[in-house]
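Accompanying notes for the structure given below.
Protein chains: 2
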Amino acid sequence: MVKNDAEDLAKKMREVSVAEFFEKNRHLLGYENLTKSLLTIIKELVDNSLDAANEAEITPTIKISIKQIKDNRFKIISEDNGPGMVEDKISYAFGKLLYGSKFHRLRQSRGTQGIGVSGAIMYSQLTTGKATKIISSTGKNKIHEIEMMIDVEKNEPKIISHNEKDNEKGWHGIKIIMEAEGRYTEGKQSILEYVRQTAVANPYAKIIFDNPNSKIVFEKVTNEVPVQPKEIKPHPYGIEIGIFRRMINKSNSRNIISLLTTDFSRVGRNSAIEICRISKIDHKRKPNTLTHDEIDRLHEGMKKVKLISPATDVLSPLGENLIKEGLKKEVKGEFFVSVTRPTAVYRGNPFLVEVGIAYGGDLKQEGSAQLIRLANKVPILYHQGDCATLESIIETDWRRYGFSQSSGSMPQGPLLFLIHFASVWVPYTSEGKQAIANYPDIVKEMKLGLQEAGRKLAIYVRQKNKLKEKMIRKQIFERYIPEIVDSINDLTGIDKKKLKEDLEFITKKNTKLEEEKENGK
Amino acid sequence: MVKNDAEDLAKKMREVSVAEFFEKNRHLLGYENLTKSLLTIIKELVDNSLDAANEAEITPTIKISIKQIKDNRFKIISEDNGPGMVEDKISYAFGKLLYGSKFHRLRQSRGTQGIGVSGAIMYSQLTTGKATKIISSTGKNKIHEIEMMIDVEKNEPKIISHNEKDNEKGWHGIKIIMEAEGRYTEGKQSILEYVRQTAVANPYAKIIFDNPNSKIVFEKVTNEVPVQPKEIKPHPYGIEIGIFRRMINKSNSRNIISLLTTDFSRVGRNSAIEICRISKIDHKRKPNTLTHDEIDRLHEGMKKVKLISPATDVLSPLGENLIKEGLKKEVKGEFFVSVTRPTAVYRGNPFLVEVGIAYGGDLKQEGSAQLIRLANKVPILYHQGDCATLESIIETDWRRYGFSQSSGSMPQGPLLFLIHFASVWVPYTSEGKQAIANYPDIVKEMKLGLQEAGRKLAIYVRQKNKLKEKMIRKQIFERYIPEIVDSINDLTGIDKKKLKEDLEFITKKNTKLEEEKENGK
Chain A
2 MVKNDAEDLA KKMREVSVAE FFEKNRHLLG YENLTKSLLT IIKELVDNSL DAANEAEITP
62 TIKISIKQIK DNRFKIISED NGPGMVEDKI SYAFGKLLYG SKFHRLRQSR GTQGIGVSGA
122 IMYSQLTTGK ATKIISSTGK NKIHEIEMMI DVEKNEPKII SHNEKDNEKG WHGIKIIMEA
182 EGRYTEGKQS ILEYVRQTAV ANPYAKIIFD NPNSKIVFEK VTNEVPVQPK EIKPHPYGIE
242 IGIFRRMINK SNSRNIISLL TTDFSRVGRN SAIEICRISK IDHKRKPNTL THDEIDRLHE
302 GMKKVKLISP ATDVLSPLGE NLIKEGLKKE VKGEFFVSVT RPTAVYRGNP FLVEVGIAYG
362 GDLKQEGSAQ LIRLANKVPI LYHQGDCATL ESIIETDWRR YGFSQSSGSM PQGPLLFLIH
422 FASVWVPYTS EGKQAIANYP DIVKEMKLGL QEAGRKLAIY VRQKNKLKEK MIRKQIFERY
482 IPEIVDSIND LTGIDKKKLK EDLEFITKKN TKLEEEKENG K
Chain B
2 MVKNDAEDLA KKMREVSVAE FFEKNRHLLG YENLTKSLLT IIKELVDNSL DAANEAEITP
62 TIKISIKQIK DNRFKIISED NGPGMVEDKI SYAFGKLLYG SKFHRLRQSR GTQGIGVSGA
122 IMYSQLTTGK ATKIISSTGK NKIHEIEMMI DVEKNEPKII SHNEKDNEKG WHGIKIIMEA
182 EGRYTEGKQS ILEYVRQTAV ANPYAKIIFD NPNSKIVFEK VTNEVPVQPK EIKPHPYGIE
242 IGIFRRMINK SNSRNIISLL TTDFSRVGRN SAIEICRISK IDHKRKPNTL THDEIDRLHE
302 GMKKVKLISP ATDVLSPLGE NLIKEGLKKE VKGEFFVSVT RPTAVYRGNP FLVEVGIAYG
362 GDLKQEGSAQ LIRLANKVPI LYHQGDCATL ESIIETDWRR YGFSQSSGSM PQGPLLFLIH
422 FASVWVPYTS EGKQAIANYP DIVKEMKLGL QEAGRKLAIY VRQKNKLKEK MIRKQIFERY
482 IPEIVDSIND LTGIDKKKLK EDLEFITKKN TKLEEEKENG K
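Keeping their order, the protein sequence lines are chains A and B. Under the numbering used here, residues 2 to 522 are what the first sequence spells out, in order. Under the numbering used here, residues 2 to 522 are what the second sequence spells out, in order.
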């Protein structure tokens, strides 16, 4: 080993391309083992198709085909009926990491990073050395067939071939054909589970899933496409000083009022004037003439003025009905409860939490509760141990709701949780998008949702337990009736049959009266 | 909400800079809450200083100062005695994400990504709007004082000021001064815990830790700087086809033999000829003339030839003694065991696992086992739920070693685990470097280490339990001696005192004999 001094080290320094970084760290994107890698590919393709259809307000029909070619090698085809992609953007959208239309905005969508499908294509070429074929049309013009790879060292697309075909039928959408190493399994954390849960969370989508074992069609169960979430501006309470400075420096606004009212949400003219007054800055000043110190004061002033919380209509929840429906498709429970919380804010980003609980029925009496997680209507299956959802359940005291729970653990009993997190920006713990980071505001809100659902569940469980106790008391009494009859007959000589019937009648009547009293009749 | 067609979407597409990406996703770097953010900053600074000193073979002395300025705002100063940095590299090394000397090599080090300190500076300016000051000299020339920020949209450094000072004393090293939002706590998952564990894992380093509550000096306890790990070439078994193609295409080697023997580790001339023979390719061919198909064949051929495993001297383990010492500093246990596994391979990268277990003593009899995790001698404190170390413990059957354990959980009992993972490339689950991805080869190796340590522990626990049973039997017998004496005295009239002494002597002798037998005397 040669000793390195500062000069030696300097010679070795160079830039790392984003693609190189994620190629070497492919587990960050969800490609650390064969089973998960295949799931990640499918997830990226489906999420992308659903987003594209949603943006264009098209009822999505998505075809996914996975066929085994040889050991650990699969051919994957995805096809959607979305808006397609403009010719000159195709190679960049799919051949460059950190490139896309969703990052620089605040709007609820499945993808945001501009990594997803490009990452899948990179994994495909890493494990097979093969190019990916993209077929696309916007419906108005020709069908483009592009074979491409990614130049990893440059993080740029490399087009191998490009053909155009007539598009007489006006087809629009995107079809992607690739090969990759993987393993196909069904059961827990499988593609099948992902597709099934996706179908439940997106009941207006038709998904045709042609897998190595069978072909399954998930028909759409409603024609009602949910209202599209709106894009919003950041809320002043959550904006960090570093980003605020950049907004000010880049701003072309006439004055501070104009900046505050147009580049932020929930700031009206009066609030803007009040912010300037508190910050001791003339509201007629042009933003890009402010000094560092003035910007800092304005930033602090913004947080002192009372403003309305972020808009609540920018998010698209599943809704309490769909959550119960989803749970019912998972298990035959005996009781279901669901809660949609109001919109809350972390780092200035609106989000909302929905919680569902299934109880009893087919669920196992013993053992830990189970958990289904969704983020912006996408099922997430891995890294549960690292997810804000799990932390929220663990930090909730389930003994208050009648369940046993040791500290730092899931509650025990026949419980299945579902937690949906919807936000204009989901803070995933890694680029593989499998767990939600535990920002304090998020965990707090999840716990409130769980407590609300927990209280409702507890009422049911308590009533059920009371009824059970009563039944046991009744059964014990009934068991002693013959003995009592014998004793009374010995003492008084009253007819045994009549006595038995009378006692049984009284027992039944009492039980009924008690039940009616409880039900408030 | 306006409907977006393909043209609308195309207009919104653009590149995202790496810095923008991590600024918006700062939780990926470990900056999701105040407490953890402050820890992440300190960790990046210390890891960087230790790496620099190691590269230059300098015994490190590191000063860290954390002082509270106001609510949630801290001034952080770090200073090392490393080789320093060449003037024109300072701003890039600390002002550009994905830039550094460690990414494009395979060598055990704490940092690799070229994100760490740049990320801390980005978080500093995001939360305070302030510049960071870097003071550096290589010892041979002047002291440079650079005030800088990061242009996030370009991912480029922005120098605010640059001063030079005379360096009469020949000082070398790097001093960094920044402000950031944070919260200082002591206890679990704290900076203090991180620094303490770092001192244990790096006993040749002196660390002066000046925190808001006290000033603690961790003196070095040895002058022996461990042998520096070597840089290695990739092993043919782990190289993916995508990367192999790139190596071939870029190669200037005369022929395939030259490529295989110089750009890979563990391939000698004979193995190289054998690889070519199996792949049916003339070994005199120039690599960059090979067709796609030929490269694929060569890639498959490489995996069929028997090659030696990656070199074992490229990794720097803690060693079994240091692991026990480390555990002893954590707890007063009654039994300690440690295991250093031989080198293994995942994705062609050599790695090794070390396992330590402390048992009994002050450790709590009830409740789950605890876990200390280290990667390349760096303590990792967060995201345990998502770490290959935890998964390995959970998947090991501890009931075989005498502990209770419910499925999917840590074993119960007075146990403290330590797992150290050393590799030329640590696959962290996120850029915040807090958990190791569960590649199957890694989990397997960790389980083997745990089993080996578990077996040794089980022998001790079993002996202890046997001894305990024997003591109980002895005590019971002793308790009955008076009654036996009375009975025998009644029957035979033998002197009670003498009889009692005799019986007690026999009991003692038998116990002693049994013990000697067990100890093999």
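Yeah, the Cβ is synthetic: ideal placement off N, Cα and C, and Gly gets one too.
When DSSP states are grouped into helix, strand and coil, residue 351/A belongs to the strand group. Fully contained in the stretch 114-158 of chain B are the following alpha helix (DSSP H) runs of length 4 or more, in chain order: 117-129. Secondary structure at residue 80/B: strand, using DSSP grouped into helix, strand and coil. About 7 Å separates the CB atoms of residue 378/B and residue 319/B; that is less than 8 Å, so the two are in contact. Taking each of 167/A, 332/A, 100/A, 178/A in turn and checking the Cα distance to residue 126/A, the smallest one comes out for 178/A. Remark: C-beta atoms of residue 81/B and residue 192/B do not approach each other more closely than 8 Å. The alpha-carbon of residue 434/B is positioned some 15 Å away from that of residue 429/A. With a threshold of 8 Å between beta carbons, residue 430/A makes contact with chain B. The closest CA to that of residue 472/A, considering only 488/A, 513/A, 447/A, is found on 513/A. With a threshold of 8 Å between beta carbons, residue 126/B makes contact with chain A. Short of 6 Å from the beta carbon of residue 390/A, and not among the five residues preceding or following it, lie these beta carbons of its own chain, in chain order: 374, 420. For residue 370/B, there is no enclosing beta strand (DSSP E), as DSSP marks it with neither H nor E. The beta carbon of residue 392/A sits closer than 7 Å to the beta carbons of 439, 444 from its chain, once the five residues preceding and following it are set aside; these are given in chain order. Within a 10 Å sphere around the beta-carbon of residue 268/A sit 16 or more other beta-carbons, which makes this residue buried.
By alpha-carbon distance to residue 297/B, the top candidate from 131/A, 400/A, 104/A is 131/A. Taking a 10 Å sphere around the C-beta of residue 28/A, we find 16 or more other C-beta atoms and assign the residue as buried. When the beta-carbon positions are compared, residue 425/B and residue 109/B come within less than 8 Å of each other. Looking at the backbone, the Cα of residue 140/B and that of residue 119/A are separated by about 46 Å. A contact between stretches requires three or more CB pairs, one per stretch, nearer than 8 Å, and the stretch 49-67 of chain B meets this requirement with the stretch 79-94 of chain B. If you draw a 10 Å sphere on the C-beta of residue 91/A, you find 16 or more other C-beta atoms in it, and that means buried. When the five nearest sequence neighbours on each side are left out, the beta carbons in the same chain lying within less than 6 Å of the beta carbon of residue 242/B are those of 300, in order along the chain.
Taking 4 residues as the shortest admissible run, the stretch 212-278 of chain B contains the following complete alpha helix (DSSP H) segments, listed from N- to C-terminal end: 242-251, 257-264. For the stretch 438-449 of chain A, the set of residues with a beta-carbon nearer than 9 Å to any beta-carbon of chain B comprises 438, 439, 440, 441, in chain order.
Per DSSP, the unbroken alpha helix (DSSP H) holding residue 19/A starts and ends at 19-25.
Listed along chain B, the residues sitting closer than 9 Å to residue 100/A by beta-carbon distance are 14, 15, 16, 17. If only complete runs of 4 or more residues are kept, the stretch 84-117 of chain B shows the alpha helix (DSSP H) at 88-96, in order along the chain. Under a criterion of Cβ atoms nearer than 7 Å, the residues of chain A adjacent to residue 4/B are, in order, 57, 58.
A straight-line Cα-Cα distance of about 38 Å links residue 497/B and residue 463/B. C-alpha of residue 422/A to C-alpha of residue 226/A: approximately 19 Å in a straight line. If you ignore the 5 residues before and after residue 416/A, its C-beta comes within less than 8 Å of the C-beta of 358, 359, 360, 364, 370, 371, 404, all in its own chain and listed in chain order.
For residue 327/B, the uninterrupted alpha helix (DSSP H) segment begins and ends at 321-331. Collapsing the DSSP output to three states places residue 34/B in coil.
Straight-line measurement puts the Cα of residue 180/B at about 14 Å from the Cα of residue 213/B. Of the candidates 156/A, 197/A, 26/A, 275/A, 275/A places its Cα closest to the Cα of residue 305/A. Checking the DSSP bridge columns, you'll see residue 416/B partnered with 360/B.
Under DSSP, residue 164/A forms a beta bridge with 146/A.
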